[in-house]
Structures are given as C-alpha cells and as structure tokens.
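Chains as they are written, first to last, in the numbering used here: chain V, 1 to 249; chain R, 250 to 510.
So, in structure tokens, the structure goes:
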C-alpha cells in the first residue's frame, strides 16, 4: 500500500517544530508501524535528508519506550497495544497518517518524535519503592496476600510508563500513571511502611513536574496499552486523602 | 506550608474542593426543586410565597444559603485555577486529536457547561433573589375560607416599606384566614411570559443535565469513594436523577408558566 505521512519535525527542544510530508510507498501490511518508519528513514537517508527520530527499544510491547500520537490517538487506532505492536494492516492504501510526539509541558520534545519522559522517573524516585532488609531472602509466600489484592496490584504493576495516559489526557495529567504506581504498593503488605509518605511525595513530584489535574474523562484508561483501569485514580485520590489526614510527617 | 494548606493547594486537593462543593450544590438542587414544586399548586402562589418567606427568614436556612453562595463562588474560582493550570500543562496543541474515540463530550466540556450555568445563576438570582430582597414588590393578599382551604380570593396590595414581608391573621367571625405576603409568585409569572427568556432557562437546564451527568459520578471518583458495589448506584443517580429528572422538572416550570399562566 502507498501512504502519505505528515510527520512532526523539530531539530531540538528549543526550536520551533513543523509538519513535513513524506510518501511511504510499497508498504507491506505485515510491517509493524515502526518498521514502516524504518523504511521511510532508509529512503530519507538515501535522499540525504535527516531521518525522523523516534523512540523504540524492545518492539515487543513491554518496555514502554515507543510512543507516537498517530492520527489523534496515542499508540494509534488499536485498543490495548503499543505502537510497536501496531501493524500496517490497520491502515489502508491511500491513507494519510498524522504522526506527532506526546505533547505535554512535562514531556519536552528532544527531537522530532522523541520526548523526554524523565519526569516519570523523578515521580518514581520520589516514592515508588519499598524498604527490604538485606541478608537471606525470606520464604516465598511467608506473608499472606489476599488473592484479589494480589491480582489488582499485579494489574496496576503492568504499567510500562510509556506516557500514553498523559498524551491522551486533555489536561496532560499523569494520574493514571501515578495511580498505577501507588496502587501496586498500597495493595500489598510490603508497601505499607512507606504508604503515606509515598503517595504524598509522588503527588507532590507530579505537581512539580507540571502535569495537569484529572477531569475523569477516562481517555487515559481508554488509550492505555496495558489497559490500566480508571479505578487506580480513585485509589490514588483515596490514598492521598487518607495520607493527608493520617500522616505523622 | 501547613499540611492542610498543602493538601488543598495540590492538584488532587483542588479537585477535592471541586467535588465537595459540587456535591453540596447537587443536594441544594434537590431542596430547591422540591420547594419550587409549590409553583405548580393552583392557589395563586400562596404556598410559593409562604415558602419564599420561609427560605429567606428561617435562620438555619439563611446560614446554609451563605454556605451555598460561597460554594458556587469557590466551585467557579477553583475551576478557573485548575483549568488555567491544565492549559499550561500542554503548551503546544495537537494538530489532530481523536478525543471522541476515548472520552465523552460532557467530560471534556465541563468548563463550557459550567460557564453557561454560572451566567444562568447570575441572571436567575438577579431576577428573583435580588428582586425579592431589594425591589419594591407589591404584596398579594389571600383570603382563605376556614371551611374550605381551596376557596382562595387573591388581591394585590401596593408596596409599603413598613409592611412585614409575610403576615397571617385569622378572622373567625368572617370565617377567613388572611395572609399578606410579598408577591414573588407574580415576579415568576411575569418573567416567564417572554419566549426567549423561557428558552434561556431551558437551554440552561440542558447545560445542567450534561454538567451533572459527568459531574455527579466524577465527584465520587475524586473523593475516592468508588467501588464495584457503589459505582452502578452512583451512575444511576447521576444519569437518571441529576441528568434527567431534576433538569426536566426545573425546565417544566418556565414552560408551564409560558403556556398556562
């Protein structure tokens, strides 16, 4: 199939960006979206044009490195997949595809379609950890964990931190991400010692990074490649209110 | 900063203020609606005028009414603060955004709906609240037969600065109860004779419906009070009570006066 791509080009963070139009010809429907971009880049290199920069790593849908706002949606039109798992069979011959970077104050563009997501790292560093004693490992299953809690915690922990939630949100809010990270610990006994400190610190860092507030539109959860439920935001609200009322710090 | 101030200045805390004031405003709507149902009573406005007097002169209600005015202002101011911070969170807009694929229109347009409602509240209070408190309104004099409470004779009494807002005397010899009260009912009746004014009210009630379809359930989400047992109930109340029943009942009032009074 032959496609027309409108791709955001921006040389660096401080420069103005703009859209460039490229042709992608003879695209196989079995290609992944990133493979299609690879072939476009090969042609650009042959033509002496700077190739389009985009993030990627595992290309297996688990690392959270790929991004791309494709035709108005993070990770493209499919539900519950990352861009690397999106295949060209989701498009048809003659389509025009608009490709933009995640747009958020807290995710500044580094180059073209690559954005700086270290704001997520700083939120994680603020509180997404537990204290573990050194020495011999304890017996597995020594601490009882109710099955429902374990399941919910694990579901929250599947968040790969790709930032699609921020990209989809009209307010660039990071609450689905922070909610997932807070939930995975708050639900488990191992997460209890830092429970209050964690949520206060992570929300504080989230606000400092310049993410917006939540309007409960649900766009984040609808676009999340790992299908993190909106209920993690409810829990984040609950944990924050609880910590605000009970924290001894 | 104190813990308290820190909580309420955070993004989550500001939303909590929105949720709490929003739910309080929702509960007010129920009271306001039940009270206003007196408008449908066929008694030349006697019950409605008595209700208006009660709402403005009973001390506990007065206290709650100041809480209510404060809630409206805080809800609007916090909305402005949050919206301006949210706008700053995305300095460069997307060229293409398929928002209708992932979220409901109402949830994305709470600000527009809220602005319509705020303008409506100012107009609405200016027309009724302000006039009732400050305008030189005439009085309605009701002569009610003690034998048959449905036998009501009404006449107009001109404005008199020295007259009480509401007074009641029973005249057993004449077999009558005489009630004289400031005639807010007449103000309502006159206001809803203009078609475009009625339309304004109906449009505002559409805005109310869409605002609350999202707002009611969203408030529970923000408070963190939301589990599988309550979600269906909260959704049901949000859609059927606050999204349909209440706005329709309110919209029926101007339409009823325009068509029948």
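Even glycine gets a Cβ: it sits at the ideal position worked out from N, Cα and C. This structure is a prediction, so every number in the text was calculated from the model and none was measured.
Throw me the rounded Cβ distance for the residue 427 of chain R and residue 370 of chain R pair, which I believe falls under 8 Å.
Working through the second chain from its first residue, we reach residue 427 of chain R at position 178. Working through the second chain from its first residue, we reach residue 370 of chain R at position 121. Rounded, the Cβ-Cβ distance is 36 Å, inconsistent with contact.
Could you tell me which chain V residues have their CB closer than 7 Å to the CB of residue 341 of chain R, listed as they occur along the chain?
Taking the first residue of the second chain as 1, we reach residue 341 of chain R at position 92. Ordered by position in chain V, the residues that pass the 7 Å Cβ test against residue 341 of chain R are 103.
Cα-Cα separation, residue 254 of chain V to residue 260 of chain R
Residue 254 of chain V lies beyond the stretch modelled for chain V, which goes from 1 to 249, so this question has no answer here.
Neighbourhood of residue 84 of chain V by C-beta, 8 Å cutoff - its chain only, sequence neighbours within 5 removed:
On the first chain, residue 84 of chain V is found 84 positions in, with the first residue counted as 1. Hits under 8 Å: 32, 33, 34, 56, 58, 59, 60, 61 and 66.
I need the boundaries of the alpha helix (DSSP H) containing residue 325 of chain R, first residue and last residue.
Translated into positions along the second chain, residue 325 of chain R becomes position 76. Residues 308-337.
List the residues that DSSP assigns as beta-bridge partners of residue 405 of chain R.
On the second chain, position 156 is the one that residue 405 of chain R refers to. Its beta-bridge partners are R:389.
Candidates V:216, V:226 and V:249, of which the one nearest residue 353 of chain R by Cα
As a first step, residue 353 of chain R must be located in the second chain, where it is residue number 104. With distances taken between Cα atoms, residue 353 of chain R lies closest to V:216.
Within 8 Å (strictly less), CB to CB, does residue 228 of chain V reach chain R?
Here residue 228 of chain V is taken as the residue at index 228 of the first chain, counted from 1. Judged by the 8 Å Cβ criterion, residue 228 of chain V is not in contact with chain R.
Using the beta-carbon of each residue, which ones in chain R are nearer than 7 Å to residue 207 of chain V?
The count along the first chain starts at 1 and reaches residue 207 of chain V at position 207. Simply 259 and 260.
Anticipated Cβ contact below 8 Å, residue 160 of chain V with residue 64 of chain V, distance rounded:
The residue labelled residue 160 of chain V in the question sits at position 160 within the first chain. The residue labelled residue 64 of chain V in the question sits at position 64 within the first chain. With a Cβ gap of about 3 Å, residue 160 of chain V and residue 64 of chain V count as contacting.
Could you tell me whether the segment 252-266 of chain R touches the segment 492-506 of chain R, using the rule of 3 or more Cβ pairs below 8 Å?
no
So is residue 129 of chain V buried or exposed if we call it buried at 16+ other beta carbons inside 10 Å?
Here the question's residue 129 of chain V lines up with position 129 in the first chain. Residue 129 of chain V is exposed by the Cβ-count criterion.
Mind pulling the chain V residues with CB within less than 9 Å of residue 362 of chain R?
The residue labelled residue 362 of chain R in the question sits at position 113 within the second chain. Those within 9 Å of residue 362 of chain R in chain V number zero; the least Cβ separation is about 12 Å.
Flag residue 114 of chain V as yes if its beta-carbon sits less than 8 Å from any beta-carbon of chain R, otherwise no.
Within the first chain, residue 114 of chain V is the residue found at index 114, counting from 1. With 8 Å as the cut-off, residue 114 of chain V does not count as an interface residue toward chain R.
Inter-residue spacing [alpha-carbon to alpha-carbon] between residue 27 of chain V and residue 151 of chain V:
By one-based count along the first chain, residue 27 of chain V stands at place 27. By one-based count along the first chain, residue 151 of chain V stands at place 151. In a straight line, the C-alpha of residue 27 of chain V is about 41 Å away from that of residue 151 of chain V.
With 9 Å as the limit, tell me which residues of the segment 142-166 of chain V have their beta carbon closer than that to any beta carbon of chain R; keep them in chain order.
166
According to the Cβ coordinates, are residue 328 of chain R and residue 374 of chain R closer than 8 Å?
If you number the second chain from 1, residue 328 of chain R lands on position 79. If you number the second chain from 1, residue 374 of chain R lands on position 125. For residue 328 of chain R and residue 374 of chain R, no; Cβs fall outside 8 Å.
Going by the CB atoms, is the gap between residue 92 of chain V and residue 1 of chain V shorter than 8 Å?
Taking the first residue of the first chain as 1, we reach residue 1 of chain V at position 1. Taking the first residue of the first chain as 1, we reach residue 92 of chain V at position 92. Their beta carbons are under 8 Å apart, which means residue 1 of chain V touches residue 92 of chain V by this criterion.
Near residue 113 of chain V, which residues of its chain fall below 8 Å by C-beta distance, leaving aside the five closest residues on each side in sequence?
By 1-based counting over the first chain, the position of residue 113 of chain V is 113. Excluding positions up to five away in sequence, the list reads 7, 8, 52, 53, 54, 55, 67, 68, 99, 100 and 101.
Which residues in chain R have a C-beta closer than 9 Å to the C-beta of residue 130 of chain V? List them in chain order.
Working through the first chain from its first residue, we reach residue 130 of chain V at position 130. Those do not exist, as residue 130 of chain V stays about 22 Å from chain R at its closest Cβ, beyond 9 Å.
Between the beta-carbon of residue 295 of chain R and the beta-carbon of residue 391 of chain R, is there less than 8 Å?
The count along the second chain starts at 1 and reaches residue 295 of chain R at position 46. The count along the second chain starts at 1 and reaches residue 391 of chain R at position 142. Yes. Within cutoff.
Spatial neighbours of residue 115 of chain V within its chain, please: C-beta separation below 6 Å, excluding the five flanking residues on both sides.
In the first chain, residue 115 of chain V corresponds to position 115, counting from 1. Around residue 115 of chain V: 101, 102, 107 and 109.
Going by beta-carbon coordinates alone, are residue 274 of chain R and residue 324 of chain R separated by less than 8 Å?
Within the second chain, the letter at position 25 stands for residue 274 of chain R. Within the second chain, the letter at position 75 stands for residue 324 of chain R. It is a contact, given that the beta carbons lie within the stated cut-off.
Closer than 7 Å by beta-carbon distance: list the chain V residues that pair up with residue 357 of chain R, in chain order.
Start at 1 with the first residue of the second chain, and residue 357 of chain R comes out as number 108. Going along chain V in sequence order, the residues near residue 357 of chain R (Cβ under 7 Å) are 170 and 217.
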